[in-house]
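Student: Input: one structure, supplied below.
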Amino acid sequence: MTDLIPELRTPSAPEGTGRVKSGMHVSRVDGIAKVTGAARYAAEHEAPALAYGVVVSGTVAKGRIKNIDAGAAEAVPGVIAVITHENRTVKMRGNDLAYKDMTAPAGSPFRPLYSDRIFYSGQPVALVVAETFEAARYAAALVKLSYEVEEHDTDMLASLDRAYEPRKMKAGFVPPSSKGDADTAYEAAPVKIESQFYHGAEHHNPMEMFASTVVLGEDGHLTVYDKNQSSQNCRWYVSHVFGLSKDKLTVRNPYVGGAFGSGLRPQYQLPLAVMAALQLKRSVRVVLTRQQMFSFGHRPETWQQVKLAANPDGQLQAIVHNAVHETSRLEDYVEVVVNWSGQMYACDNIKLGYKLVGQDRYSPIDMRAPGAAHGVHALEVAMDEMAHALKMDPLAFRLKNYAEVNPLDGKPYSTKELRQCYQKGAERFGWQDRPLEPRSMRDGEELVGWGMATGMWDALVMVARVSAVLHADGRLVVSSAASDIGTGTYTVMSMIAAEAMGLSLEKVSFQLGDSTLPMAPIEGGSSHVATVGSGVAGACEKLQKALLKMAQAMPDSIFKKLQLRQVEFNDGRIHLRGEPAKGVGLAEVLAHAGKDRVEEKFLMTPQMLKQRKYTRAVHSAVFCEVRVNEKLGIVRVTRVVNAVAAGRIISAKTAESQIIGGVVWGISQALHEETYTDHRLGRFMNHNFSEYHVAVNADIHDIQVIFADEDDRVVSKQLGAKGVGEIGLVGVSAAVANAIFHATGKRLRSTPMSPDKLL
Ligand code: MOS
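Using full-length UniProt numbering, read the sequence shown as starting at 1 and increasing by one per residue.
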């Protein structure tokens with residue numbers, strides 16, 4: 001399983017791209033495929049006699065389905081079946097475990113079309129399958145349901161008194177801990193603030209709709225093109241739900257049009273499409289609508305309280321941070337929210353609390369920088385409030401409390417170039433010219449304000465397998481069942497392999513997005529470069545060792561007894577280090593060994609013992625300028641500088657794009673995004689782009705990204721890299737809020753900071 005899978009159309013760089021190095025700005029190797037339409041997304045794969053499924057969504061938040069009248073739908077010409085929990089013939093397993101994908105939180109996962117139970121509004125209640133998409137869509141509108149309605153509760157703020165501690169933390173998350181006596185220190189301190197924060201629910205809204213195309217092979221094999229962040233996670237889930245063996249099922253996600261966490265778990269169109277294909281013995285495609293994409297996981301609605309105490313000189317004396325967010329009745333979705341508050345500033349007294357409220361909604365799901373997006377917002381706005389109370393510059397206040405070691409457990413950081421971020425960011429932004437007092441700067445109709453915030457995110461590493469194959473014709477094919485959700489995986493992995501093997505980028509293909517490839521983790525938590533990338537480097541090193549050994553076996557070899565560090569690989573040759581003329585072509589090496597290809601496999605595992613001694617994180621400093629029209633309440637974010645310390649940066653262009661994207665989203669979160677619930681209906685109401693507002697081009701102005709010099713060999717021995725996916729978002733909305741305060745003197749503690757809140 002190491003040669004190119006043709007259906008994947010694995011992209012490589014255009015001819016003439018040449019040699020690359022870590023830190024270079026290289027255009028995406030999949031860029032041309034994407035802009036020419038050659039890249040196929042989940043709903044774009046063809047199959048003979050393809051049938052089309054359209055989901056019917058429920059309209060009540062809690063209860064039971066009393067009756068389903070599908071008569072009118074079934075009478076529509078072209079309709080093949082209306083599948084419901086009553087008439088499905090495909091057996092679905094009955095135990096919770098079968099429905100637990102690799103990222104499932106504690107609890108009992110939702111099972112689509114399993115029974116008459118209704119757990120949330122928008123729940124899938126039927127699948128209409130027809131010969132054409134149009135017939136299926138029309139017929140879906142004709143399916144009539146009646147319900148036995150039970151009383152629902154979707155109002156988190158009214159239910160804070162029944163918040164409970166989560167039953168179990170998700171893997172990788174730790175429960176909040178405390179240190180010292182924060183309550184006593186808070187009471188005794190001379191300067192203190194206390195603030196409450198509220199964030200509404202937010203939805204991911206990637207460009208690509210969730211979709212699954214199930215292609216039924218003649219041998220009964222199912223190949224599923226699905227939108228997700230891990231083909232292997234989805235293959236595992238479908239196998240367990242339907243009792244299908246691994247060799248009967250392949251899941252592919254070679255191209256993903258954004259996901260941001262929404263694809264970490266299998267979404268319900270996947271089991272529904274597979275169910276229809278099995279029941280009807282046909283290939284089936286199911287695509288969700290934009291509205292239906294508001295009927296699964298979201299960033300949870302969150303309430304927070306932050307209390308800070310300090311001495312008049314600005315030394316923090318106490319940090320208290322409590323958070324409560326919603327989850328479903330089915331599962332304890334956790335994102336901890338408060339944990340970063342114990343790791344960001346030196347303080348002897350820290351108290352963190354975290355609780356959940358069960359609601360009649362679907363389980364929330366990770367959404368870019370889950371937990372930190374809201375938690376760090378609250379802490380960083382509170383830090384700004386404290387700086388103001390102390391009459392200190394907000395940056396000087398943060399530097400005064402700079403954490404040299406993790407305040408909670410005293411562990412050193414594996415690397416932490418946050419000071420560099422503060423310095424470089426402040427310099428680029430011109431922070432030293434900032435007047436201390438709010439309402440000091442005006443430009444025509446607009447008040448101008450400058451705010452800043454610190455960002456922090458975890459530096460995660462997981463386990464992955466990578467295979468590297470060098471062909472006699474000079475091509476290098478590297479494979480792992482990784483994903484590229486638009487973040488640049490194809491590009492960065494190709495760069496790592498090309499640099500390691502001394503090849504032009506166009507000679508390298510990185511194959512991902514297929515459940516049959518070597519095991520890779522879910523693309524989430526900004527961990528792919530440190531995990532799969534380190535694996536690519538490891539596999540290439542093994543390949544070099546194998547090639548050196550083969551070269552040493554040649555007659556009169558000049559490489560005899562040499563170590564790997566004494567040779568170099570360049571443009572398809574192996575030669576003595578620094579002496580390009582003294583060497584041999586790799587084609588010749590392979591020919592002598594009688595091989596047309598040589599393959600090496602590498603198992604990448606985190607350096608657990610070493611890692612345990614350190615706190616591993618990425619850091620950032622965000623500086624932001626806003627212009628506020630007080631008469632209209634309109635905020636424009638005219639300038640952002642985001643300085644990020646995330647280990648060695650391998651693919652500078654796609655890394656910078658990730659940070660820019662994070663800043664755009666942070667602005668969007670600060671000013672626009674919230675999904676509103678009508679509690680009478682228990683239903684998200686603004687489920688399309690005309691009402692769920694996201695930042696558009698007109699909202700985005702100057703964004704500058706700086707990467708600090710950092711090299712983290714604890715997180716990644718091979719590359720020194722950490723990850724840049726999520727950190728770009730963290731702290732941005734807080735910097736905007738703090739800039740709004742500096743402009744107007746008005747402190748906003750909920751997002752979005754919409755015009756009504758500023759008037
Ligand atoms: Mo991201 S929320 O780790 O996909």
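The C-beta atom is built at its ideal place from N, Cα and C for all residues, glycine as well.
How many Å lie between glycine 725 and serine 526 at the Cα?
Tutor: Computed Cα separation, rounded: 5 Å.
Student: Hey, is aspartate 366 close to the ligand MOS, as in C-beta under 7 Å from one of its heavy atoms?
Tutor: Yes - the ligand MOS has a heavy atom lying nearer than 7 Å to the Cβ of aspartate 366.
Student: Look at the alpha carbon of leucine 408 and the alpha carbon of glycine 358, and state the distance between them as a whole number of angstroms.
Tutor: Distance between the alpha carbons of leucine 408 and glycine 358 is about 29 Å.
Student: Measuring straight from C-alpha to C-alpha, what distance separates leucine 157 and histidine 693?
Tutor: C-alpha separation (whole angstroms): 23 Å.
Student: Between the alpha carbons of lysine 63 and phenylalanine 110, how many angstroms are there, rounded?
Tutor: According to the sequence shown, residue 63 is glycine rather than lysine. The straight-line gap from Cα to Cα measures roughly 14 Å.
Student: So does phenylalanine 260 have its beta carbon nearer than 7 Å to some heavy atom of the ligand MOS?
Tutor: Yes, Cβ of phenylalanine 260 sits closer than 7 Å to a heavy atom of the ligand MOS.
Student: Which residue wins for smallest C-alpha separation from leucine 127, given the options Val320, Leu113, Lys601?
Tutor: Ranking the options by Cα distance to leucine 127, first place goes to Leu113.
Student: Is there at least one non-hydrogen atom of the ligand MOS closer than 7 Å to the beta-carbon of proline 370?
Tutor: Yes, since a heavy atom of the ligand MOS falls inside the 7 Å radius drawn around the Cβ of proline 370.
Student: Report yes if the C-beta of leucine 729 is less than 7 Å from at least one heavy atom of the ligand MOS; otherwise report no.
Tutor: The answer is no for leucine 729.
Student: Please report the straight-line C-alpha distance between methionine 1 and proline 176, rounded to a whole angstrom.
Tutor: For methionine 1, the pLDDT reaches just 45, beneath the cut-off of 50, and the residue's location in the model is therefore unreliable, although a value from the coordinates is still provided. If I take the Cα positions, the gap works out to 43 Å.
Student: My understanding is that aspartate 30 touches alanine 39, with C-beta atoms under 8 Å, so please give their C-beta distance in whole angstroms.
Tutor: Yes, aspartate 30 and alanine 39 are in contact; Cβ-Cβ is about 6 Å, under 8 Å.
Student: Tell me, please, which residues DSSP counts as bridged to methionine 441.
Tutor: In the DSSP output, where bridge partners are listed per residue, methionine 441 has Val448.
Student: Within 10 Å of its beta-carbon, does asparagine 688 have 16 or more other beta-carbons around it, so buried, or fewer, so exposed?
Tutor: By the neighbour-count rule (16 or more Cβ atoms within 10 Å), asparagine 688 is not buried but exposed.
Student: Rounded to the nearest angstrom, what separates tryptophan 431 and valine 529 at their Cα positions?
Tutor: Roughly 33 Å separates the two Cα atoms.
Student: Let me know the secondary structure DSSP gives proline 370 once reduced to three states.
Tutor: Of the three classes helix, strand and coil, the one that applies to proline 370 here is coil, per DSSP.
Student: Apart from the five residues just before and just after alanine 587, which ones in its own chain have a Cβ nearer than 8 Å to its Cβ?
Tutor: So the qualifying residues of the chain are Ala472, Asp473, Gly474, Gly572.
Student: Identify the residues that DSSP records as bridge partners of lysine 653: which are they?
Tutor: None; lysine 653 has no bridge partner.
Student: Using 8 Å as the threshold, is the C-beta distance between isoleucine 667 and valine 622 below it?
Tutor: Cβ atoms of isoleucine 667 and valine 622: not closer than 8 Å.
Student: Within the continuous beta strand (DSSP E) that includes serine 57, where are the two ends?
Tutor: Note, serine 57: beta strand (DSSP E), 51 to 57.
Student: Once DSSP output is grouped into helix, strand and coil, what is the label at glutamine 229?
Tutor: The answer is coil: DSSP assigns glutamine 229 none of H, G, I, E or B.
Student: Mind listing, in chain order, the continuous alpha helix (DSSP H) runs of no fewer than 4 residues lying wholly within the region 464 to 512?
Tutor: With a minimum length of 4 residues, the continuous alpha helix (DSSP H) runs that stay inside the region 464 to 512 are 489 to 501.
Student: Please specify which runs of the alpha helix (DSSP H), each continuous and at least 4 residues long, are wholly inside the region 236 to 298, giving them in chain order.
Tutor: Fully enclosed alpha helix (DSSP H) runs of 4 or longer: 269 to 280.
Student: When every heavy atom of the ligand MOS is checked, does at least one fall within less than 7 Å of the C-beta of leucine 517?
Tutor: No, the beta carbon of leucine 517 sits no closer than 7 Å to any heavy atom of the ligand MOS.
Student: Would you kindly check if the distance between the Cβ of alanine 537 and the Cβ of isoleucine 574 is under 8 Å?
Tutor: No. Outside cutoff.
Student: Nearest to leucine 399 by CA position, among His377, Tyr422, Gly410, is which residue?
Tutor: Nearest option by C-alpha distance: Tyr422.
Student: Hey, glutamate 568 and glycine 502: beta-carbon distance below 8 Å or not?
Tutor: Closer than 8 Å, so yes.
Student: Which runs of the beta strand (DSSP E), 3 residues or longer, sit entirely within the region 609 to 693?
Tutor: As far as the region 609 to 693 is concerned, its whole beta strand (DSSP E) runs of at least 3 residues are 617 to 629, 634 to 645.
Student: When the distance is taken between beta carbons, is leucine 517 closer than 8 Å to proline 598?
Tutor: Contrary to the premise, residue 598 reads as valine rather than proline in this sequence. Against a cut-off of 8 Å, the Cβ pair of leucine 517 and valine 598 comes out as no contact.
Student: Quick one: grab the DSSP three-state call for isoleucine 34.
Tutor: In the sequence as displayed, the identity of residue 34 is lysine instead of isoleucine. Lysine 34: helix per DSSP, three-state reduction.
Student: As an exercise, report each continuous alpha helix (DSSP H) stretch of at least 4 residues that is fully enclosed by the region 334 to 362, in chain order.
Tutor: Complete alpha helix (DSSP H) runs here, min 4: none at all.
Student: Tell me whether leucine 512 counts as near the ligand MOS, meaning its Cβ is closer than 7 Å to at least one heavy atom of that ligand.
Tutor: Not so, every heavy atom of the ligand MOS lies at least 7 Å from the Cβ.
Student: Taking only the alpha-carbon atoms, compute the straight-line gap between alanine 645 and glycine 731 and give it to the nearest angstrom.
Tutor: Taking the straight line joining both Cα atoms gives about 14 Å.
Student: Quick check on methionine 462: buried or exposed, where buried means 16 or more other Cβ atoms within 10 Å of its Cβ?
Tutor: Buried, since its Cβ has 16 or more Cβ neighbours within 10 Å.
Student: Please report the straight-line C-alpha distance between alanine 73 and tyrosine 138, rounded to a whole angstrom.
Tutor: Each residue's alpha carbon lies about 8 Å from the other.
Student: Valine 174: buried (16+ other C-beta within 10 angstroms of its C-beta) or exposed?
Tutor: Exposed, because fewer than 16 other Cβ atoms sit within 10 Å of the Cβ of valine 174.
Student: Which residues share a DSSP beta bridge with histidine 321?
Tutor: Per DSSP, Val306, Leu352.
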